[in-house]
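Protein chains in written order, with the working numbering: chain A, 1 to 328; chain B, 1001 to 1328; chain C, 2001 to 2328; chain D, 3001 to 3328; chain E, 4001 to 4328; chain F, 5001 to 5328.
Glycine included, each C-beta is placed from N, C-alpha and C at the ideal position.
Below is one structure, written out as structure tokens; comments come after it.
Number of protein chains: 6
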Amino acid sequence: MGGGHGKRSWVKDLRAGTDLEESFAVRSVDIRQRRGGGPYLAATIGDRTGEVTALVWQNVDQLREVLEPGRVVAVKGQVQRYNQQLQVVVRQAEALPDESVDDALFVRSSAADPELLWKQLNTLIEEVNDPDVRQLLFRIFSDAEVENLFRSAPAARSMHHAFRSGLLEHTVSVTTVARGLARHYGLNQDLVVAGCLLHDFGKIWELEIGTSIEYTDDGRLIGHIPMETLFIDKKIGELKKFPAETRRQLLHILLAHHGEYEFGSPRRPKTPEALLVHMIDNLDSKMAGMLEAIAAQGSDDEAWTPYSRILERHIYRRRMPANDNGDD
Amino acid sequence: MGGGHGKRSWVKDLRAGTDLEESFAVRSVDIRQRRGGGPYLAATIGDRTGEVTALVWQNVDQLREVLEPGRVVAVKGQVQRYNQQLQVVVRQAEALPDESVDDALFVRSSAADPELLWKQLNTLIEEVNDPDVRQLLFRIFSDAEVENLFRSAPAARSMHHAFRSGLLEHTVSVTTVARGLARHYGLNQDLVVAGCLLHDFGKIWELEIGTSIEYTDDGRLIGHIPMETLFIDKKIGELKKFPAETRRQLLHILLAHHGEYEFGSPRRPKTPEALLVHMIDNLDSKMAGMLEAIAAQGSDDEAWTPYSRILERHIYRRRMPANDNGDD
Amino acid sequence: MGGGHGKRSWVKDLRAGTDLEESFAVRSVDIRQRRGGGPYLAATIGDRTGEVTALVWQNVDQLREVLEPGRVVAVKGQVQRYNQQLQVVVRQAEALPDESVDDALFVRSSAADPELLWKQLNTLIEEVNDPDVRQLLFRIFSDAEVENLFRSAPAARSMHHAFRSGLLEHTVSVTTVARGLARHYGLNQDLVVAGCLLHDFGKIWELEIGTSIEYTDDGRLIGHIPMETLFIDKKIGELKKFPAETRRQLLHILLAHHGEYEFGSPRRPKTPEALLVHMIDNLDSKMAGMLEAIAAQGSDDEAWTPYSRILERHIYRRRMPANDNGDD
Amino acid sequence: MGGGHGKRSWVKDLRAGTDLEESFAVRSVDIRQRRGGGPYLAATIGDRTGEVTALVWQNVDQLREVLEPGRVVAVKGQVQRYNQQLQVVVRQAEALPDESVDDALFVRSSAADPELLWKQLNTLIEEVNDPDVRQLLFRIFSDAEVENLFRSAPAARSMHHAFRSGLLEHTVSVTTVARGLARHYGLNQDLVVAGCLLHDFGKIWELEIGTSIEYTDDGRLIGHIPMETLFIDKKIGELKKFPAETRRQLLHILLAHHGEYEFGSPRRPKTPEALLVHMIDNLDSKMAGMLEAIAAQGSDDEAWTPYSRILERHIYRRRMPANDNGDD
Amino acid sequence: MGGGHGKRSWVKDLRAGTDLEESFAVRSVDIRQRRGGGPYLAATIGDRTGEVTALVWQNVDQLREVLEPGRVVAVKGQVQRYNQQLQVVVRQAEALPDESVDDALFVRSSAADPELLWKQLNTLIEEVNDPDVRQLLFRIFSDAEVENLFRSAPAARSMHHAFRSGLLEHTVSVTTVARGLARHYGLNQDLVVAGCLLHDFGKIWELEIGTSIEYTDDGRLIGHIPMETLFIDKKIGELKKFPAETRRQLLHILLAHHGEYEFGSPRRPKTPEALLVHMIDNLDSKMAGMLEAIAAQGSDDEAWTPYSRILERHIYRRRMPANDNGDD
Amino acid sequence: MGGGHGKRSWVKDLRAGTDLEESFAVRSVDIRQRRGGGPYLAATIGDRTGEVTALVWQNVDQLREVLEPGRVVAVKGQVQRYNQQLQVVVRQAEALPDESVDDALFVRSSAADPELLWKQLNTLIEEVNDPDVRQLLFRIFSDAEVENLFRSAPAARSMHHAFRSGLLEHTVSVTTVARGLARHYGLNQDLVVAGCLLHDFGKIWELEIGTSIEYTDDGRLIGHIPMETLFIDKKIGELKKFPAETRRQLLHILLAHHGEYEFGSPRRPKTPEALLVHMIDNLDSKMAGMLEAIAAQGSDDEAWTPYSRILERHIYRRRMPANDNGDD
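Below, the structure written as structure tokens:
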């Protein structure tokens, strides 16, 4: 049951009127009443490509022990269409042992290749000129445990890049863009690159990604900015001699990258490099959020996305095509 | 008196203990009392390189007719140093006829060459792929009167780029940066380029630049966003057939480029292109404001700028040198 | 089925325990599950007098093709009462062809007579003294297409006057009140009248009224203030010679009538006339919103309205009677 | 010295090059240094028509005992013009005994006739239909001490109507306007009239008007809304039987007339009558503030007022003439 | 059925799989559809220890007349567990006559003993030194009706201390704490004690506690601050001679105890005593809200409370034990 | 000149008409013009008891080299009274060598005895029960350099406790008060005591106190919260085994003690202990600010303090006497 990654029945590929035999993560379960007092189950199940409603009319007593939120279950049933949406009517379900489950199948993931992103990140480090800054970055990112966490961490719980490897995708995008603008404005590129690569570093401990994304206790009580500041300052302390001025300006970039106090920033940007890292982080997050909202709609018929509570508006979905009109 | 541009005594080059014979714009005049009830004059005079205090102890009755704010006057006097600042003690002053005054000498100007910026702007237009958009931009910018205004207009009265050709410098910078990012995010570059080139276009009528920068009546009552929207829509109407969708999305970029209602934006960005133009406009303005604040201090001794009311903070002036660490 | 306007079974007149055979607009449809996996339908249907829940237990498969939101359908069924609310149990339903549907029956309408309001509007124009302003208003409102749109447009999607002819009712009320106050404060009444008549003019293109009220694409991307400014300035351009000062002050009123930036106003009022139009627009909108909230409750027993999200409070429904105590 | 009201030399009528012998209120005094360490005095003196700078070069030691802020002094000197502004060079000055001073000459006053305003106020009371409300208003306003205070009190310290009888002028204007609108919207006019007449009543104890306007201790610690609520509820208690519902709705209007919590309103309007009183109070205050700012400029040459910190903007001074275009 | 207080089946003690025969307050009722069009009922019932869902599958027509929100009913049924939550399947239900119902059983109550709190309050009054203040407090609290209301009133509808005797518990806690701090900061303890005891006094009329807590009409239209100010000032007026300065400062404390305008405070604290009362009121309210949120969760397994809309955050539930480390 | 601490002429003791020979810190210098173009000097000089204006009419050229802001100078001159304020006319002034200056004489200091405060702080540490927490506090505060800095540091630059030893005074007050309230609310006193003692610890590096108080570079770029977090976490790391849960909750208190994001708090309080530390810090700061404002006025005649920009209000200065009315 279930089977290899290659021939898996992804949620995005389900078709009405077919039988289904596949494993899915249970997102939520609701027990509702039928006539006579007996319950039926309405669950949401999914994998990394999307989510679908699952209904249980039979063996309710047994299956409600099986369908627990957060668990991955092997499901047998049929795909049907109601009210223009697909749903799965479940006949059987069986919990899979945790150790046999590959979480990566059940949580949304970056569309970009993490392997490629990781290489780009390392190239960005190699191209740093300042030997102190480059050494610090190597020391931090060459740690195997850090690499493991950083390659899979999401960048947020829901706003943008809220998927596996989202942190890596966001970090590489921000760093690439900001480095180019640092040159445009005549700033110190090494500081900007280091600030970008480390600005959300603490999120590897702030968020936990299993089959869903949740805050950790430390994430809520300490937060990613203080966590990364503590970690990076300890790493600086392990280096023989790291210039005090570079340390001060680098810590400032991290502490100021949320831009304004009301966004939880303990400092506001007081150097051009800190201003740039803040503004490109902001741009990349908002742009990703908007592009994700547009892409989230399966049908191209609708001119507008549903109201986005994150962006606090509807987004216009009619796109004029991308084009290329010059060398930059 | 006064003399050619080449051998002019610029304010930035004044030295204590020397005689002075040069023309300056009068920024403001204050009449103060001496013993016996007689007044003396304390004026601020300047040229495009800076400003200095001028004191009149003699011929006060005559010279206060001459030293009128906004006028350019030929001055004879001596440069002295008091309290770590230079001041000019004026012996004679004579109003220059308006027609003999080259305003450009007396108002701050872009450090960049307007000729070069204008060429860059035209190259940006030429590289637009969409023939309708390109034709519209040509039609607008090839008008001689528009060119004349656009080449000299400031981008603001005080915030950033508040000097001659500031609008041109800001426009070229925003367009160049945003076009590169449009490619990075897979957006329509032509819309982005047109939106950037036109986003502050109405400022050619909103601000008036003589020896100082002031708002016009239309600037205060109508504002640059409605003025440019009215003008550009009229230009679109003059073209044979301009696609309705392109018009809609272009007008939207202009109307949304201030980003949020509280910054006088009648719309908020609802397309990725509008979001990008808004955010790069914001970045370029804030970055210029910060870099101008750092550069405004003559001495490199002070680690911090004076409190900037525009940025609402002190800026750190100790710079790590610009460097170049890779190809973008 | 359905039948003439005169003997129509309006939603507001439905009675429990009666059979029903009438046409209604479908507002929304929800498909819910019964035992055995079969669905039933819970829809909201309505006409211009109100809305009611409709339940479909039979022929579900067939009827869910028929009951599409936005469509008008002929319904056969029975009115029942559950939980102190009426509901319609539907036995049959048949879609009506679009061309046979009179939208006016299915969308809420102004309680005032549009014919009378339109006459009042024209009298307000005729009484304008300034010939330029009067000519402009005639030119705008005598256009047949404009009249058609303006007579039916709502003034909002949900806040106040959110019904057919709401724009006309709101416009006449604001203009009448503001003209009286212009006299009280010694202002220019012609400017005030023109500003009031045109302040929401762009809503004829911002909102679309079928069986419900929705924003248009232009409404969301451009907005009613820029749309009316573009249109009116074009009409001014068509007149032989319209005084520049009158144009400037009139456009200012339109651009400033939302009062503050945070309400999407690209300008803030800088003339007494603009201040007056803004404040009376605000008063009429809020007063209508409050009076509509009080009237929306069928029963006079309750001292308080439900919490109004628009007014952000409960409204007290115990009214002291209207009275008349002097001549104004 | 000084002389009768009729032939008084008002500040607004001073002319350069003339001798002056008149009494003025001292607004402020600044002692500045001359060569040799001796001081001279720079004072601001004024009457109800305006203010002017006064300079003392002689008898400084003696005159600085005389020129105390708040005092009225008889002045001998000469009017001169410096820097486009008039100033008085004082030769002699003598304090006037408090009992001989008519404060009304030295504090700004309403341009309207307080006698006429008081009659209008009483007519508004007489035209109230509801006998309970009318009786309450009579009881309050027929008290001689109340009349005395209410006829002279200002409506504010600086925002609008900040002059003698300003409260009366503002109250009559608000009541007249709101009564008309109560009829327009079908509200209870008696409640509206009572709410308007009493909405700022507590200001008779909140502000103190001598030669200037200051807050009282009770004004700062208790405020006009609680003070008037305490007073009016006591007056209601003295009546035989005042309907509880009328009392509740009237007190609500007073407690809610600042509209929003952030303007010190302990309640927000929850009845249409309370909403109307709040909005017309707001309109009359802002309109008066704007019209006063426009009128404050002596010269009609300037298109814009100086920046008004109260209105947070410049006001456009070019007025289109008042006109009358219909019967209301 | 139902039975004595001592052997009552409290909601907090219900166990799955047991029969139930007890009286409960009906909080809300929802009528839902079964197959065939027949309804079933889903109600929320509760007592002062909590709430539980009740389902009615039989005798629906009869029982929906019985189960009215706000009423107390005697219920027969069975307790079951679904989806990790208990629910009661109801077979019979019978309305209890109002006069036989002890409301105190059905509304949440203070965990502290009201008798003890009332004694503590009286001790606080007795220890007041200033005879005028003490006499005023005695006069107010010795009134039997006041005592009755004050002993049962809640301190809020939902934020904190939203239960029977909550006002008393909050008042004693605030007064005790603030009196200690008044000594620490060298303030007048009598004013602080009086201000604390009276700061929320008006809530005895603002809120109504039956089987639930609701605002009264006066509560919404006038509010507790004006109501208590009116009452206390009347009581002061009944005393022979109460010092004007004490009255002024005491009223100021009441009027300023919400601290900032935006929290409905007509005044802001301008004396140290008023500042202290405001800040300790705020502390006690927020601390109680947080401790109630932590305690509200039955299971100690969860590290975090559900999102609290009042505190706008999740609260960490892992407590380090209370300890005592010194004498204060 | 100057002389011993005991017989020093403090600013607060200056009397008009006496000769003066004493040393003072120069706060600021302004050079102003006399007739003939020669300058005179107007300086502000002071010691820890206050400030006074000093005027130099003679030897200006020489003395303006001497009177440099920040320097301590020995002054000879005469005390005079002008415009109800004292001023010093300086005849001679001589710079004192830095090494001979006791800064403590020239900067404002706590009125409390630092020796006693330091003992109280140590007692608070000794009374901590939790051995891990106590050991951490000992380790931090027993360091001689820390003691030296902590005993002299101010708590702020201007808001409250802006004087020598202000940090110590504020810390002891907050800790004492919060420990008592931790017992009242049943919280963990050890966490509260540690959180209070360390909450502003980073200010020893954030502010620099010489003859005035200034921010350090690290203070502006990193801030006291991150600095103390980095330091304390390093100290925790040096201990053998510090419980992870205690570390997490202690760091949380430090990171959340500013309460809200907009006050630069990277976290908001999520435990009762963090809430308490935040609110008592806030109370102690505001109370000190208000009591300092009241005490700052030398004369008891005025009922109100000048407008305080920090508290954004005038404070009422009429105090009802402190009294003691019970045991807490």
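An exposed status is given to A:D113, since fewer than 16 other beta-carbon atoms sit within 10 Å of its beta-carbon. For F:E5115, the uninterrupted alpha helix (DSSP H) run begins and ends at P5114 to E5126, by DSSP. In the DSSP assignment, F:A5274 falls within the alpha helix (DSSP H) that extends over P5272 to A5295. Distance between B:M1287 and B:N1148, taken at the CA atoms: about 27 Å.
Excluding the 5 residues flanking it on each side, A:A54 has same chain C-beta neighbours closer than 6 Å at A43, I45, V88 and V90, in chain order. Residue burial is scored here from C-beta neighbours: C:D2218 has at least 16 other C-beta atoms within 10 angstroms and is therefore classed as buried. Within the DSSP secondary-structure output, F:F5163 pairs in no beta bridge. Across the structure, D:V3072 and D:G3050 are spaced so that their CA atoms are roughly 15 Å apart. Interface annotation for the segment 3258-3269 of chain D against chain E: Y3261, E3262, F3263, G3264, S3265, P3266 and R3267, criterion Cβ-Cβ distance under 8 Å. Within chain B, R1248, L1251, H1252, L1255 and R1267 have C-beta atoms less than 8 Å from the C-beta of C:I2222, given in sequence order.
By alpha-carbon distance to E:A4182, the top candidate from E:C4196, E:E4260 and E:T4171 is E:C4196.
Note: A:I31 is bridge-paired with A:L41 in the DSSP secondary-structure output.
Of all alpha-carbon atoms in E:L4191, E:V4079 and E:T4211, the one lying nearest the alpha-carbon of E:D4098 is that of E:T4211.
For A:T53, the enclosing beta strand (DSSP E) covers residues G50 to V56.
Residue environment for B:P1069: exposed (fewer than 16 other C-beta atoms within 10 angstroms of its C-beta). Taken atom to atom, the span from the alpha-carbon of C:K2203 to that of D:A3144 is near 55 Å.
Residue environment: A:S28 is assigned as exposed (fewer than 16 neighbouring CB atoms within 10 Å of its CB, all protein chains considered). Taking 9 Å as the Cβ-Cβ cut-off, the segment 4084-4117 of chain E has no residue approaching chain F. Interface residue (Cβ-Cβ distance to chain D less than 8 Å): C:V2026 is not classified as such. Taking 9 Å as the upper bound on Cβ-Cβ separation, chain F lies near residues Y3215, D3217, R3220 and L3221 of the segment 3209-3236 of chain D.
At least one CB of chain D lies nearer than 8 Å to the CB of F:H5314. Put simply, of F:F5242, F:M5279 and F:K5241 the residue whose alpha carbon is nearest the alpha carbon of F:L5254 is F:M5279. Boundaries of the beta strand (DSSP E) around B:E1214: I1213 to Y1215.
Here the alpha carbon of B:G1077 sits roughly 29 Å from the alpha carbon of F:L5067. Just measuring C-alpha positions, the residue of B:H1258, B:D1281 and B:R1247 sitting nearest B:V1133 is B:R1247. The beta-carbon distance between F:H5199 and F:V5277, rounded to whole angstroms, is 6 Å. This is short enough to meet the 8 Å contact definition. Beta bridge pairing from DSSP links A:V72 with A:A25.
The segment 110-125 of chain A makes contact with the segment 154-171 of chain A; the number of CB pairs closer than 8 Å reaches 3 or more.
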